[in-house]
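J.:
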Amino acid sequence: MTTDLQAAGRTYRVRTYGCQMNVHDSERLSGLLEAAGYTAAPEGEDADVVVLNTCAVRENADNRLYGNLGHLRPVKDGRPGMQIAVGGCLAQKDRGEIVRRAPWVDVVFGTHNVGSLPALLERARHNAEAQVEIAEALEVFPSTLPAKRDSAYSGWVSISVGCNNTCTFCIVPALRGKERDRRPGEILAEVQALVDQGVLEVTLLGQNVNAYGVEFRDRGAFADLLRATGRIDGLERVRFTSPHPREFTDDVITAMAETPAVCHQLHMPLQSGSDDVLRRMRRGYRQDRYLGIIERVRAAMPDAAITTDVIVGFPGETEADFEQTLDVVRQARFSSAFTFQYSKRPGTPAAEMGGQLPKEVVQERYLRLTALQDEISWAENRAQVGRTVELLVAAGEGSKDAQRGRLSGRARDGRLVHFTAADGVRPGDVVETVVTQAAPHHLVADGPLLSHRRTRAGDAAGTGARPTTPGVLLGMPRIGAPT
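Heads up, the sequence shown is in the numbering used here, so the first residue is 522 and it goes up one at a time.
Now the structure itself:
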């Protein structure tokens, strides 16, 4: 991509809302803008271009977007030439409605045409009118686009986009489209490029990551990909998110257990413990299958930390249904859970179902669920006290670290650990320490470090350098295509 002379000297800021896919898409947006000649706005300064990368999953997503746009209006009024762009899932859904409700927006683009942003900004500036461009299908795989990575030590790698599931509560498949898979060799090339720049950890991303291979009809493709990724020299940690219980197979469990670089961490969305609710959610599995997966994972990896998603108050959920969810949570003993109160999303089948529950009923159940999960999380974390943990030191994970003389890092199982700071330890370095205290949502290690290993990622983090991937000509996979 050639530098746009009109963009030279202009600054940008990308604000991200929603899931890890959006975080990774924002890295692509930053890479595109920098390739077009923009530079990141310094912290605390207004930018010439503000990009809002939106989410459509939460109930208040619309209100949040238009509230933020309202706050930006006086900023734009006082800054001639400033542009505002809105992308992501909410843009794909609302399209021209965004410009109608907020006519000071300059560009609206969707999930399928992320690469169009620089051209749309220039067209809006040249024509002095808003540009709304929403593609109905993926134009190019996002990984063909340049990316400016947020982290010096940990990288997202997309292995697929879109989703073939039809969960009745979810708007994402309508906005992200059908699943499209990358070829394995292209994924491994991107991982290698990150490792060559010092990255120690990668997370393989997909809306339904373990369905990978459906496009080229290889049911074992995801397990094979885990093993191949784990063999890359210099890569110390491999994670993935998010899988789906319906497609989760034992060969993935075996690959996790047998591949040293693959972390013993699994995020396995439950959504509900009631078979009747799962049927109406159209999840494609039942309670017994779900608990069977948990049992087999723990048999193969007794130290695995398993997390989940749970929705409370799905239409028609009875007290008996909810009690079944609590029972599964007790049996599964998740290390943590993302819990949500059901909210209607226009355009989803669940929004039209009967039996929508009163807010007060949903809230009361939600509080019971979170109280139970906090109790379990705390008990599971107390079991970690006295254990030696290897931590990849992280940036910005502990809001009170500075005042308490601590740093923070992630254990191999994904748990957050706040530990005593020591001279020369930087984000991206690797330390070993002993857990001394536990809380429901984190661990504490207040003793001296057992070891400290300086890394290339730590060197890069210390200088503010970040990995970049220029984008490669990936193409879409074909059945029988070479890897």
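Glycine included, each C-beta is placed from N, C-alpha and C at the ideal position.
Check Trp-677 in the structure and name its three-state DSSP category.
T.: strand
J.: Measuring straight from C-alpha to C-alpha, what distance separates Ser-547 and Val-535?
T.: Cα-Cα distance, rounded: 7 Å.
J.: Among all the DSSP beta bridges, which residues are the ones paired with Phe-861?
T.: Ile-832
J.: At a cut of 8 Å, does the region 759-778 reach the region 735-745 through at least three beta carbon pairs?
T.: The region 735-745 and the region 759-778 touch, with three or more beta-carbon pairs separated by less than 8 Å.
J.: With DSSP run on the structure shown, which of helix, strand or coil describes Ile-619?
T.: helix
J.: Smallest Cα separation from Pro-961: which of Gly-631, Gln-894, Ala-942?
T.: Nearest of Gly-631, Gln-894, Ala-942 to Pro-961, Cα basis: Gln-894.
J.: Work out the CA separation of Glu-757 and Ala-782 for me, nearest whole Å.
T.: 5 Å
J.: Among the candidates Ser-672, Gly-755, Phe-861, Glu-650, whose CA atom is the shortest distance from the CA of Thr-985?
T.: The sequence given here places Gly at residue 985; Thr does not occur at that position. Per the Cα distances, Ser-672.
J.: Which value, in whole angstroms, describes the spacing of the CA atoms of Asp-615 and Glu-700?
T.: 22 Å
J.: For the alpha helix (DSSP H) that Phe-743 lies in, which residues bound it at each end?
T.: 742-751
J.: Could you tell me which residues DSSP pairs with Cys-760 in its beta bridges?
T.: It is Arg, not Cys, that sits at residue 760 in the sequence shown. In the DSSP output, where bridge partners are listed per residue, Arg-760 has Thr-724.
J.: Give me the residue from Tyr-559, Thr-575, Arg-947 with the minimum Cα distance to Met-542.
T.: Thr-575
J.: Could you compute how far the alpha carbon of Thr-665 sits from the alpha carbon of Val-620?
T.: 29 Å
J.: For the region 708-721 and the region 682-694, state whether three or more C-beta atom pairs, one from each stretch, are separated by less than 8 Å.
T.: no
J.: Where does Arg-977 fall in DSSP's three states?
T.: helix
J.: Measure the C-alpha to C-alpha separation of Glu-654 and Gln-604 and round it to an integer number of angstroms.
T.: 16 Å
J.: By Cβ distance below 6 Å, which residues in the same chain neighbour Arg-748 in space, the five residues on each side in sequence not counted?
T.: The answer, listed in chain order, is Ala-776, Thr-780.
J.: Report the residue from Ile-827, Val-571, Gly-609 whose alpha carbon sits nearest the alpha carbon of Tyr-538.
T.: Gly-609
J.: Is Val-773 near Leu-725, with beta carbons less than 8 Å apart?
T.: no
J.: Pick out whichever of Leu-928, Pro-823, Gly-631 has its Cα sitting closest to the Cα of Gly-945.
T.: Leu-928
J.: Between which two residues does the beta strand (DSSP E) harbouring Asn-574 extend?
T.: For Asn-574, the uninterrupted beta strand (DSSP E) segment begins and ends at 570-575.
J.: Apart from the five residues on each side of it in sequence, which residues of its chain come closer than 6 Å, Cβ to Cβ, to Thr-860?
T.: Val-831, Leu-890, Thr-891
J.: When you compare the CB positions of Leu-912 and Val-951, do they come within less than 8 Å of one another, or not?
T.: yes
J.: I think Gly-926 touches Val-849, with their Cβ atoms under 8 Å apart; what is that distance to the nearest whole Å?
T.: Rounded, the Cβ-Cβ distance is 41 Å, inconsistent with contact.
J.: Is it right to say Gly-530 is buried, meaning 16 or more other beta carbons lie within 10 angstroms of its own, or is it exposed?
T.: exposed
J.: So for Asp-702, helix, strand or coil by DSSP?
T.: Residue state, collapsed to three classes: strand.
J.: Let me know the secondary structure DSSP gives Val-938 once reduced to three states.
T.: strand
J.: What separation, rounded to the nearest whole angstrom, lies between the Cα atoms of Ala-695 and Glu-736?
T.: 18 Å
J.: Is DSSP giving Ile-815 helix, strand or coil here?
T.: helix
J.: So, with DSSP's three-state summary, where would you put Tyr-533?
T.: Three-state result, Tyr-533: strand.
J.: So is Pro-705 buried or exposed if we call it buried at 16+ other beta carbons inside 10 Å?
T.: By the 10 Å Cβ count, Pro-705 comes out buried.
J.: Could you check where the beta strand (DSSP E) with Phe-630 kicks off and where it finishes?
T.: 628-630
J.: When the distance is taken between beta carbons, is Phe-855 closer than 8 Å to Phe-690?
T.: no
J.: Starting from Leu-847 and walking both ways along the alpha helix (DSSP H), at which residues does that stretch end?
T.: 840-853
J.: When we look at the beta-carbon of Arg-851 and count the other beta-carbons within 10 Å, is it buried (16 or more) or exposed?
T.: exposed
J.: Pull up the DSSP beta-bridge partners for Lys-669, would you.
T.: Thr-989
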